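Read through the structure below, which is laid out as structure tokens, and then see the notes.
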Amino acid sequence: MGIDLGTSYTCVAIIEDGMPTVIPNEWGERTHASVVSFMDDGRVLVGNDAKKQIITNPDNTVYSAKRLIGRFYFSEEVRKARSVVPYNIVEGTNNSVRIQIRDTMYSVPELSAIVLKEMRQVVENHTGQTVTKAVITVPAYFNDNQRQATKDAGKIAGLDVLRIINEPTAAALSYGFGQGYNQRVVLYDLGGGTFDVSILDIGDDVFEVISTAGDTYLGGDDFDDRIMHWLADSFEQQQKVDLRKDKYALQKLKEAAEKAKIGLSEHEVVQIHIPLIYTDENGYSLDFSTTLSRAEFNQMVMDLVQRTFKVCDEALQSARITASEVDCIILVGGPTRLPIIRSSVRHYFQKQPLTDVDPDEVVAMGAAIQAHALLDNQQSTYLLDVTPLTLRLGTVGGYTERIIDKNTPIPIERTRSFTTATDFQERVRIKIYQGESNLLAENTLLGEFEFSGFRVAMRGEVTIEVTFEIDADGIVNVSARDLETGAQASTTLSLSSGLSDAEVDQAISRNEGMVVADRA
Amino acid sequence: MPEDPNIHPDWAAEAKDIADSLDLLDYFQILGAEIEAPAEELKLRYHQLQRNYHPDTFFSSPDLELRAAVTKIAKRVAEAYVILRDPQKRAKYTRDIAGPERAQRLRYSEDSEREARQEKVEELGRTAQGRKLWAKAQDCLRRGDLQGAQRDLQTALLFERDNERFKTKLDEIKAQLGAR
């Protein structure tokens with residue numbers, strides 16, 4: 000199966016009679032809110048049911064977990080999330096993020112695993128068979144930590160994760176699969192929480208990613224936030240009350256904002272009505288009604304839309320092409336239904352974007368195609384993807400050195416030689432980063448590796464060859480050997496925000512014991 | 000090692016041989032292209048080789064040695080493609096493998112990269128005065144003022160004593176002046 004594990008919504012597809020097919024749940028829903036809600040009576044709700052609990056059970060309902068996955072507690076995104084979400088984000092070991100639900104601490108992958116397990120259930124209900132093998136998609140711009148954490152989530156859900164692939168690449172696969180195209184395509188992928196652009200050359204059966212760029216802090220959620228703050232501002236003007244101080248009211252505003260945004264895709268003006276949003280000191284409850292026009296909305300989000308084109312500029316520049324050299328633009332992600340996005344994309348590329356693919360389902364379908372291809376020897380498509388971020392080595396004085404450039408095809412490896420710096424040195428430590436700055440502090444730390452087990456000698460006498468590999472999942476592996484003796488040096492990794500094997504095992508058993516409640 | 004029933008044993012044996020001999024081949028040989036091959040041809044060769052050796056094709060193969068071999072080949076093919084699709088790196092690499100250190104230069108290393116950066120700096124001069132005088136010498140040459148160019152380059156070499164580019168140009172000018 001192929002799973003598009005989104006910030007806001009998740010979708011699952013399989014290959015049925017040779018065709019990628021989205022599998023709906025028993026209520027016919029084809030996409031499922033990426034939300035988990037822990038009820039007071041011990042039940043666990045997942046998906047669209049759980050989403051309804053955001054308002055009534057805000058402390059114990061987790062949404063947008065993907066914004067936190069694979070991030071350090073001190074990161075900007077986590078700080079931002081802590082100020083907006085009602086559930087309790089706390090710090091775990093090694094600067095990791097934990098979410099506290101009543102007295103229990105959950106890791107982020109563990110919560111994503113509950114959503115993944117539900118997707119597996121949807122497929123198993125449909126096929127009547129056990130299904131464990133899955134391809135899971137991630138934003139192209141995800142770093143190694145985020146990919147590892149997503150893979151862990153799959154493992155915790157009891158899945159055999161065949162491959163982690165990039166969302167825009169999956170979408171391209173779904174678009175070009177079996178079509179025999181020879182085209183240069185741009186994938187403009189605006190999801191709930193992330194934005195990616197990938198440029199691919201499709202040559203018959205080969206899907207070569209030329210460049211990718213992204214912003215993991217930009218998505219449809221940000222558009223909702225703009226409406227939400229606009230609503231709060233207008234309410235404050237009318238009633239002199241700041242609803243942002245009230246968690247419950249804020250969630251209601253957020254819900255209304257998302258609804259209004261979706262409404263504006265079809266209508267020029269939408270009515271917004273939120274009953275009983277506020278109760279004053281006299282116990283008098285207030286409703287809130289207003290209208291929002293497309294023009295007002297467009298103005299609110301113009302800078303967000305412009306930011307997506309900065310990313311497009313970057314992707315085109317990396318690919319060394321201009322917008323006019325693109326044959327086709329494919330829109331991916333629910334927010335690309337917005338008229339402002341469609342018209343801006345058309346204006347930027349001077350070409351009508353393709354609209355006959357479903358932006359909510361195309362990624363899951365592509366993932367299903369890739370899962371099928373990996374398991375079937377008759378595979379006939381070749382994905383040549385790239386690494387989105389430059390892999391770097393920490394050097395002295397707070398600087399870094401490039402090892403593997405961004406937009407390098409994967410899998411790939413690069414070797415570096417290191418000589419010992421002190422007499423009788425027993426271990427060599429290296430720190431690995433991802434990012435686009437020469438300054439260490441501006442990159443993301445992936446991990447710290449320590450090598451030992453090589454010959455102990457005078458300084459400069461021992462040369463250790465370190466191999467950095469980025470595998471087909473986009474995940475970084477490091478190995479080392481003593482160049483002279485050929486002895487493999489042992490590697491230990493520390494200080495990443497990821498889960499230890501023991502933590503994964505513990506999460507697996509907790510996940511196995513968890514029963515997702517049926518819809519009432 | 001269990002053999003893969005879907006793959007001809009000769010083909011598998013050949014792939015393993017290729018994987019073992021990669022370190023003896025230059026990037027052009029790996030891609031199966033001529034040194035002068037145009038960029039489009041390298042891209043086509045890259046696609047063709049990935050069709051043959053893409054690790055995904057062998058994802059479910061029981062022959063682990065074969066899987067390791069094709070992964071090794073695919074990675075080296077990608078490396079060759081990445082270096083050769085960049086015109087500057089390609090020029091540097093092509094010179095390196097034609098030189099006396101060919102055996103050590105078959106893979107584009109951090110040394111190659113450092114040298115390439117160095118060359119780029121040398122091209123224009125390392126010092127502000129060097130760059131200025133180099134530009135002045137170029138102007139003189141365009142006007143056909145060989146003596147002026149000679150003077151500027153000699154001064155430039157006072158600032159950058161070992162700039163090969165300055166030296167070569169100066170020698171050229173001296174030869175031209177001598178021939179008159």
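Protein chains in written order, with numbering that gives the first Met the number 0: chain A, 0 to 519; chain B, 0 to 179. Here a beta-carbon is modelled for each residue, glycine too, at the ideal position from N, C-alpha and C. Remember, predicted model here, so these are calculated numbers, not experimental data.
Would you mind stating whether residue i and residue j have Cβ atoms separated by less than 8 Å?
i	j	result
H53(B)	A32(B)	no
V137(A)	E166(A)	yes
L383(A)	V208(A)	yes
Q369(A)	R162(A)	yes
R70(A)	V77(A)	yes
N437(A)	T407(A)	no
I402(A)	L392(A)	yes
E64(B)	K15(B)	yes
V34(A)	I53(A)	yes
L152(B)	A178(B)	no
V184(A)	C311(A)	no
W133(B)	G143(B)	no
K260(A)	F222(A)	yes
I155(A)	A112(A)	yes
Among the candidates the options, whose CA atom is the shortest distance from the CA of residue i?
i	options	result
I409(A)	T386(A), I431(A), A420(A)	T386(A)
R458(A)	D422(A), E502(A), S111(A), G157(A)	D422(A)
A127(B)	I96(B), I82(B), L157(B), Y107(B)	L157(B)
T380(A)	G365(A), T389(A), L390(A)	G365(A)
I68(A)	P108(A), M104(A), G202(A)	P108(A)
A506(A)	D58(A), V45(A), T103(A)	T103(A)
F308(A)	F141(A), F176(A), H266(A), F194(A)	F194(A)
A32(A)	M38(A), N24(A), D39(A)	N24(A)
E39(B)	A174(B), I17(B), Y80(B), Y26(B)	Y80(B)
L23(B)	R101(B), Q47(B), Q137(B)	R101(B)
N51(B)	P37(B), R66(B), P61(B)	R66(B)
P86(B)	G332(A), T394(A), R345(A), R319(A)	R319(A)
V514(A)	Q120(A), I98(A), V344(A), G192(A)	Q120(A)
G219(A)	F176(A), A170(A), Q99(A), S264(A)	S264(A)
Q99(A)	G190(A), Y216(A), S36(A)	S36(A)
G262(A)	T466(A), S343(A), S292(A), G282(A)	S292(A)
Y216(A)	S95(A), D200(A), T335(A), K79(A)	K79(A)
L388(A)	T466(A), D214(A), F296(A), Q349(A)	D214(A)
D302(A)	G512(A), R225(A), G473(A)	R225(A)
So, helix, strand or coil for residue i, using DSSP?
i	result
P528(A)	For chain A, the structure presents residues 0 to 519; residue 528(A) sits outside this window and is missing.
G75(A)	Note that residue 75(A) is Glu in the sequence shown here, rather than Gly. The answer is helix: DSSP assigns E75(A) an H, G or I state.
G393(A)	strand
H272(A)	strand
I429(A)	strand
T418(A)	strand
T211(A)	strand
L494(A)	For L494(A), the pLDDT reaches just 49, beneath the cut-off of 50, and the residue's location in the model is therefore unreliable, leaving the point undetermined.
R84(B)	coil
G41(A)	coil
K405(A)	coil
R480(A)	strand
Once you ignore the five residues that flank residue i on each side, which residues in its own chain have a CB closer than 7 Å to its CB?
i	result
G153(A)	L115, A133, I135, V160
V122(A)	M0, V11, I13, I22, V130
D19(B)	none
R42(A)	A516
A49(A)	A32, V34, V35, S36, T60
H371(A)	I14
Y72(A)	E90, N94, S95, V96
So, for residue i: in the same chain, excluding its five sequence neighbours on each side, which residues have a beta-carbon less than 8 Å away from its beta-carbon?
i	result
I463(A)	S416, F417, T418, T419, V427, F450, F453, A479, R480, D481, L482, A488
Q238(A)	Y277, L285
R84(B)	A38, L41, K42
V529(A)	An answer regarding residue 529(A) cannot be provided, because it is not within the stretch 0 to 519 covered by chain A.
If I measure Cβ to Cβ from residue i and keep anything under 6 Å in the same chain, skipping five residues before and after, which residues do I get?
i	result
W10(B)	none
E468(A)	E412, N476
G202(A)	N181
T30(A)	Y8, C10, D359
| Cβ-based contacts, 8 Å cut-off: residues of the segment 201-222 of chain A near chain B | G202, D204, V205, E207
| In the segment 126-155 of chain B, which residues sit with their C-beta less than 7 Å from some C-beta in chain A, listed in chain order? | none
| query | Of all the residues that make up the segment 405-437 of chain A, which are near chain B by a beta-carbon distance shorter than 7 Å? | reply | T407, P408, P410, I411, E412, R415
| field | the segment 32-61 of chain B: positions lying closer than 7 Å to chain A by Cβ | value | H46, Q49, R50, H53, P54, D55, T56, F58, S59
| task | Below 8 Å between beta carbons is the criterion; list the residues of the segment 379-394 of chain A that meet it against any residue of chain B, in chain order. | result | Y381, L382, L383
| query | the segment 71-91 of chain B: which residues have C-beta closer than 8 Å to a C-beta of chain A, in chain order? | reply | A73, K74, A77, E78, Y80, V81
| Name the residues in the segment 465-489 of chain A whose C-beta lies less than 7 Å from a C-beta of chain B; which are they? | A471
| Using a Cβ cut-off of 9 Å, which residues of the segment 346-366 of chain A contact any Cβ in chain B, in chain order? | none
| In chain order, what residues of the segment 98-117 of chain B put their CB closer than 7 Å to some CB of chain A? | E109
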